[in-house]
Amino acid sequence: MSSKQAILQALSTTALSDNAMPVINIPARLDDLLSQFETSLNTVTATLHRDGGLTGLQAEIDKLSSEGKQIISLVDGVTGNREVPADPHELHDIDYAIIKGHVGVAENGCIWVNNESVGHRVTPFICENLLIVLAAEDVCANMHIAVQKVEIASGQFGTFISGPSKTADIEQSLVVGAHGACSLNVYLV
Amino acid sequence: MLTEECHMNPYLESFGIEVIDTDLGERIIQLAGQPPSHIVVPAIHLKKEEVGDLFHEKIGTEAGASDPTYLTRAARVHLREQFLSADAAMTGVNMAIADKGAVVVCTNEGNADMGANLPKLQLHSMGIDKVVPNIDAAGLLLRMLARNATGQLSTTYSSFYRGPKEDGEMHIIIVDNGRTKMMQDKILAESLKCIRCGGCLNTCPVYRRSGGHSYNYTIPGPIGIAVGAQRDDTNSLAWACTLCCSCSFVCPTKVPLAKIIAHHRRIKAENHQLPYGKEKYMPLVGKLMGNETLFNCSMSIARTSLKYLPNSLLKPFAGAWGKYRELPVAPNSSFETWYKKHRS
Ligand code: SF4
Ligand code: SF4
Chain A
3 MSSKQAILQA
13 LSTTALSDNA
23 MPVINIPARL
33 DDLLSQFETS
43 LNTVTATLHR
53 DGGLTGLQAE
63 IDKLSSEGKQ
73 IISLVDGVTG
83 NREVPADPHE
93 LHDIDYAIIK
103 GHVGVAENGC
113 IWVNNESVGH
123 RVTPFICENL
133 LIVLAAEDVC
143 ANMHIAVQKV
153 EIASGQFGTF
163 ISGPSKTADI
173 EQSLVVGAHG
183 ACSLNVYLV
Chain B
92 MLTEECHMNP
102 YLESFGIEVI
112 DTDLGERIIQ
122 LAGQPPSHIV
132 VPAIHLKKEE
142 VGDLFHEKIG
152 TEAGASDPTY
162 LTRAARVHLR
172 EQFLSADAAM
182 TGVNMAIADK
192 GAVVVCTNEG
202 NADMGANLPK
212 LQLHSMGIDK
222 VVPNIDAAGL
232 LLRMLARNAT
242 GQLSTTYSSF
252 YRGPKEDGEM
262 HIIIVDNGRT
272 KMMQDKILAE
282 SLKCIRCGGC
292 LNTCPVYRRS
302 GGHSYNYTIP
312 GPIGIAVGAQ
322 RDDTNSLAWA
332 CTLCCSCSFV
342 CPTKVPLAKI
352 IAHHRRIKAE
362 NHQLPYGKEK
372 YMPLVGKLMG
382 NETLFNCSMS
392 IARTSLKYLP
402 NSLLKPFAGA
412 WGKYRELPVA
422 PNSSFETWYK
432 KHRS
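For the protein sequence lines, the chains are A and B, in the order given. For the first sequence, the numbering used here assigns the number 3 to the initial residue and increments by one for each residue that follows. For the second sequence, the numbering used here assigns the number 92 to the initial residue and increments by one for each residue that follows.
Following this line, the structure appears as structure tokens:
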């Protein structure tokens with residue numbers, strides 16, 4: 003018998019009874035989603051840019067570019083100074099990556115991005131600094147709503163990102179910037 | 092955590108495969124050659140100076156440096172090289188979504204995603220208890236996990252993998268290792284609801300005093316007793332608990348930890364696995380305390396002895412308990428007598 007068969011067989015004779023999935027009915031806080039979202043982003047040490055939109059973002063990128071930063075953009079209408087390489091390992095010296103977010107979550111600052119918006123899957127993690135462009139109307143109240151809005155088709159990858167990477171593994175002191183990006187800026191459009 | 096439970100690293104190393112832990116805490120204890128002492132913060136027992144000395148020796152940080160930000164950044168640089176040169180990556184799994192065939196991996200550091208998304212081969216290992224029916228269930232548990240683990244709003248990265256990257260390979264390894272056996276027992280089965288938030292460790296008075304290594308099991312604390320007591324051949328783990336129930340109250344997934352721990356004691360007793368002393372004298376103590384006359388007589392003897400006999404004669408009866416403690420001052424009467432006199 004394969005180990006898979008053995009597990010399935012063992013599972014058919016447990017002491018547990020089947021329970022139907024309970025209905026999740028948790029009221030959402032719907033007042034001023036954008037302010038809630040901003041507060042959450044601040045809590046996770048990210049910054050929200052409400053005004054300026056793509057023009058403001060491009061101006062910022064041009065400034066960074068003139069300082070010699072390596073910038074990759076995966077958002078239409080915003081241009082960096084590097085192309086998406088064939089091998090994801092070549093992204094190792096990217097200073098700034100600009101990607102599109104699909105869903106924002108007001109209660110915890112999470113932003114859903116998927117493989118269609120990031121080029122190589124490793125982009126949002128390997129860059130030093132991450133910039134996400136998000137439409138204001140895509141911000142929802144909580145995770146229960148968010149998981150209904152996200153789409154992960156077969157073969158896909160997607161992730162909720164809530165702020166820059168962080169750790170508190172040394173004496174429980176919070177350090178922002180562990181293995182993933184060291185900062186997160188969110189541009190509303 | 093699962094790989095530690097299954098001793099995966101030594102096994103891989105026996106084939107000449109170099110295994111590098113990438114979570115900062117895991118990397119620290121790997122370099123130190125120690126087991127984890129907490130399920131969320133594996134190196135919680137080490138001081139920053141100790142980490143500084145370790146990093147100085149192993150990855151060449153400045154001697155005497157102990158600033159957490161400096162050390163974390165040094166580890167970031169050191170591990171980047173490993174991420175960029177690895178041939179395969181293996182992660183744990185926080186939830187596996189049954190109706191989508193997707194796994195969810197949560198980290199704050201981004202190490203799982205840096206690892207899984209660079210090399211061609213990605214592996215995810217999980218216990219069968221990680222399977223949830225659908226994405227609604229995953230959303231609910233995601234809401235609970237970080238809040239109860241570290242008080243954060245969310246883990247920084249909650250990544251859903253439903254297939255490999257282009258030209259890549261993705262394998263999910265599903266492990267039983269005693270879980271279906273636990274499911275044969277209604278009470279023990281409840282421990283499989285755990286999402287490994289660590290909340291029960293943080294509240295447990297025994298864990299907080301004694302630290303993770305004293306449990307002598309990969310998973311320490313209340314949940315460690317719940318899932319590890321059956322493998323504990325010293326038959327003492329289930330007693331590293333005061334049954335205060337604090338863990339049961341804080342657990343977000345309502346694992347009845349204290350009930351499970353008491354159940355483990357019962358199982359040990361029924362299997363005659365109690366240590367000699369407990370097996371022999373506990374039934375006698377039970378008989379004594381169950382019999383009113385016997386109990387009252389013995390208490391009255393104890394009160395008289397405490398009053399008149401010298402400490403040196405009585406101390407030995409207190410055993411290990413008396414080693415660092417004074418014997419109590421004997422009251423004049425029993426509680427029952429006092430109560431009758433004052434309340435009736
Ligand atoms: S019941 Fe036991 S394991 Fe749980 S918190 Fe109290 S002492 Fe710790
Ligand atoms: S038993 Fe409950 S409190 Fe303890 S780690 Fe698991 S989910 Fe958290």
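For glycine and all other residues, C-beta sits at the position ideal for the given N, C-alpha and C.
message: Using a Cβ-Cβ distance cut-off of 8 Å, determine whether Ile26/A contacts chain B.
response: Taking the first sequence and counting its residues from 1, one reaches residue 26/A at position 24. Yes, Ile26/A lies at the interface with chain B (some Cβ there is under 8 Å from its Cβ).
- prompt: Does DSSP classify Ser391/B as helix, strand or coil?
  reply: The residue labelled residue 391/B in the question sits at position 300 within the second sequence. Residue state for Ser391/B is assigned as helix, using DSSP reduced to three classes.
field: Start-end ranges of the alpha helix (DSSP H) lying completely within the segment 182-232 of chain B, minimum 4 residues
entry: With a minimum length of 4 residues, the continuous alpha helix (DSSP H) runs that stay inside the segment 182-232 of chain B are 202-207.
- prompt: Does any C-beta atom of chain B lie closer than 8 Å to the C-beta of Leu13/A?
  reply: Residue 13/A sits at position 11 when you count from the first residue of the first sequence. Closer than 8 Å: yes.
task: Give a single yes or no on whether Ile286/B has its beta carbon closer than 7 Å to a heavy atom of ligand 2.
output: The residue given as residue 286/B occupies position 195 in the second sequence. Taking 7 Å as the cut-off, one finds at least one heavy atom of ligand 2 near enough to the beta carbon of Ile286/B.
query: Under the rule that 16 or more other beta-carbon atoms within 10 Å means buried, what is Ser68/A, buried or exposed?
result: Position 66 of the first sequence, counted from the first residue, corresponds to residue 68/A. With fewer than 16 Cβ atoms within 10 Å of its Cβ, Ser68/A is classed as exposed.
query: Can you tell me whether DSSP reads Lys102/A as helix, strand or coil?
result: Taking the first sequence and counting its residues from 1, one reaches residue 102/A at position 100. In the structure shown, Lys102/A sits in a strand (DSSP, three-state: E or B).
field: Bounding residues of the alpha helix (DSSP H) (the contiguous stretch that carries Ile358/B)
entry: Walking along the second sequence from the start, residue 358/B turns up at place 267. Annotation: the continuous alpha helix (DSSP H) that includes Ile358/B extends over 348-361.
query: Between the Cα of Phe174/B and the Cα atoms of Ala187/B, Ser403/B, Pro126/B, Val110/B, which residue gives the shortest distance?
result: For the purposes of this step, residue 174/B is identified with residue 83 of the second sequence, where counting begins at 1. Put simply, of Ala187/B, Ser403/B, Pro126/B, Val110/B the residue whose alpha carbon is nearest the alpha carbon of Phe174/B is Val110/B.
query: For Met92/B, which of Arg300/B, Gly242/B, Ser337/B, Val266/B has the nearest alpha-carbon?
result: Within the second sequence, residue 92/B is the residue found at index 1, counting from 1. Just measuring C-alpha positions, the residue of Arg300/B, Gly242/B, Ser337/B, Val266/B sitting nearest Met92/B is Val266/B.
task: Closer than 7 Å by beta-carbon distance: list the chain B residues that pair up with Glu173/A, in chain order.
output: On the first sequence, residue 173/A is found 171 positions in, with the first residue counted as 1. Correct list: Lys138, Lys139, Pro159.
- prompt: Skipping 5 residues on each side, what residues in its chain have a beta carbon closer than 6 Å to that of Lys350/B?
  reply: Taking the second sequence and counting its residues from 1, the one referred to as residue 350/B is at position 259. Answer for Lys350/B: no residue qualifies.
Pick from Thr271/B, Ala317/B, Thr160/B that is closest to Ala353/B, judged by C-alpha positions: Translated into the one-based positions of the second sequence, residue 353/B becomes position 262. With respect to the C-alpha of Ala353/B, the residue from Thr271/B, Ala317/B, Thr160/B having the closest C-alpha is Ala317/B.
message: Against chain B, does Ser164/A count as a neighbour if the rule is that its beta carbon must be under 8 Å from one of theirs?
response: Here residue 164/A refers to the residue found at position 162 when the first sequence is read from its first residue. Yes, Ser164/A lies at the interface with chain B (some Cβ there is under 8 Å from its Cβ).
task: Kindly examine ligand 1 and report whether one of its heavy atoms sits closer than 7 Å to the Cβ of Thr294/B.
output: Mapped onto the second sequence, residue 294/B falls at position 203. When distances are taken from the beta-carbon of Thr294/B to the heavy atoms of ligand 1, the shortest one is below 7 Å.
message: Along the segment 374-386 of chain B, where does the CB come closer than 8 Å to a CB of chain A? Name the residues.
response: Taking 8 Å as the Cβ-Cβ cut-off against chain A, none of the residues of the segment 374-386 of chain B qualify.
query: Can the beta-carbon of Met205/B be found less than 8 Å from the beta-carbon of His181/A?
result: Stepping through the second sequence from its first residue, residue 205/B is reached at position 114. Stepping through the first sequence from its first residue, residue 181/A is reached at position 179. Yes; because the gap between Cβ atoms is below 8 Å, this pair is in contact.
task: Just the C-alpha distance for Asn144/A and Gly192/B, rounded to the nearest angstrom, thanks.
output: Position 142 of the first sequence, counting from 1, holds the residue named residue 144/A. Position 101 of the second sequence, counting from 1, holds the residue named residue 192/B. Asn144/A and Gly192/B have their C-alpha atoms some 24 Å from each other.
- prompt: Among all the DSSP beta bridges, which residues are the ones paired with Tyr248/B?
  reply: If you number the second sequence from 1, residue 248/B lands on position 157. Tyr248/B has Ile163/A, Thr198/B as its beta-bridge partners, per DSSP.
- request: Could you please give me the residues that DSSP links to Glu260/B through a beta bridge?
  value: To locate residue 260/B, count along the second sequence from 1; it is residue 169. Leu212/B, per the DSSP bridge assignment.
query: Within 10 angstroms of its Cβ, does Gln121/B collect 16 or more other Cβ (buried), or is it exposed?
result: Residue numbering aside, residue 121/B sits at position 30 when the second sequence is read from its first letter. Note on Gln121/B: 16 or more other CB atoms within 10 angstroms of its CB, so buried under the neighbour-count rule.
8 Å contact criterion, which Ala18/A and Ala280/B should meet: CB distance rounded: By one-based count along the first sequence, residue 18/A stands at place 16. By one-based count along the second sequence, residue 280/B stands at place 189. According to the sequence as given, residue 18/A is Leu; it is not Ala. Between Ala280/B and Leu18/A the Cβ distance is about 6 Å, and since that is below 8 Å, they are a contact.
field: Val105/A: CB within 7 Å of a non-hydrogen atom of ligand 1
entry: What you label residue 105/A is simply residue 103 of the first sequence in a count that begins at 1. In this structure, Val105/A has its CB at a distance of at least 7 Å from all heavy atoms of ligand 1.
field: Alpha carbon of Arg164/B to alpha carbon of Leu137/B, nearest angstrom
entry: For this step, residue 164/B is matched to residue 73 along the second sequence. For this step, residue 137/B is matched to residue 46 along the second sequence. About 18 Å.
query: If you measure from the beta carbon of Ile128/A to each beta carbon in chain B, is any gap under 8 Å?
result: Numbered from 1 along the first sequence, position 126 holds the residue referred to as residue 128/A. Look at Ile128/A: its C-beta is under 8 Å from a C-beta on chain B.
- request: Taking C-beta pairs closer than 7 Å, name the residues in chain B that Arg123/A reaches, listed in chain order.
  value: Taking the first sequence and counting its residues from 1, the one referred to as residue 123/A is at position 121. Contact annotation for Arg123/A against chain B: Asn208, Lys256 [CB-CB distance below 7 Å, chain order].
task: Would you mind giving the Cβ-Cβ distance between Ala166/B and Arg118/B, rounded to the nearest angstrom? I have them listed as a contact below 8 Å.
output: For the purposes of this step, residue 166/B is taken as residue 75 along the second sequence, with counting starting at 1. For the purposes of this step, residue 118/B is taken as residue 27 along the second sequence, with counting starting at 1. Their Cβ separation, rounded to whole angstroms, is 6 Å, which keeps Ala166/B and Arg118/B in contact under 8 Å.
task: Quick one: which unbroken alpha helix (DSSP H) runs of 4-plus residues sit fully inside the segment 135-162 of chain B? Chain order, please.
output: As summarised for the segment 135-162 of chain B, the continuous alpha helix (DSSP H) elements at least 4 residues long and confined to that stretch are 139-150, given in chain order.
- prompt: Would Glu40/A be called buried (16 or more neighbouring beta carbons within 10 Å of its own) or exposed?
  reply: Residue mapping note: residue 40/A aligns to position 38 of the first sequence, counting from 1. That one is buried.
field: Within 9 Å of chain A by C-beta, residues of the segment 103-116 of chain B in sequence order
entry: Listed by position, the residues of the segment 103-116 of chain B near chain A (Cβ gap below 9 Å) are Thr113, Asp114, Leu115, Gly116.
message: Between Asn239/B and ligand 2, is there a pair consisting of the residue's CB and a ligand heavy atom that are separated by less than 7 Å?
response: Against the second sequence, residue 239/B aligns to sequence position 148. Relative to ligand 2, the nearest heavy atom lies less than 7 Å away from the CB of Asn239/B.
query: Going along chain B, which residues have a C-beta under 7 Å from Asn110/A?
result: To locate residue 110/A, count along the first sequence from 1; it is residue 108. Chain-ordered, the chain B residues with CB closer than 7 Å to the CB of Asn110/A read Leu244, Ser245.
query: Around the Cβ of Asn187/A, are there at least 16 other Cβ atoms within 10 angstroms (buried) or fewer (exposed)?
result: As a working mapping, residue 187/A is identified with position 185 in the first sequence. Asn187/A is buried by the Cβ-count criterion.
- request: Under 6 Å Cβ to Cβ from Ala240/B, same chain only, skipping five residues before and after it: list those, please.
  value: Here residue 240/B refers to the residue found at position 149 when the second sequence is read from its first residue. Once the five neighbours on either side are set aside, the close Cβ partners of Ala240/B are Val131, Cys288, Gly289.
- prompt: Which two residues bound the contiguous alpha helix (DSSP H) that contains Val297/B?
  reply: For the purposes of this step, residue 297/B is identified with residue 206 of the second sequence, where counting begins at 1. Start and end: 296-301.
- prompt: Which residues in chain A sit within 7 Å of Leu233/B, going by Cβ to Cβ distance?
  reply: The sequence position of residue 233/B within the second sequence is 142, counting from 1. Correct list: Met145.
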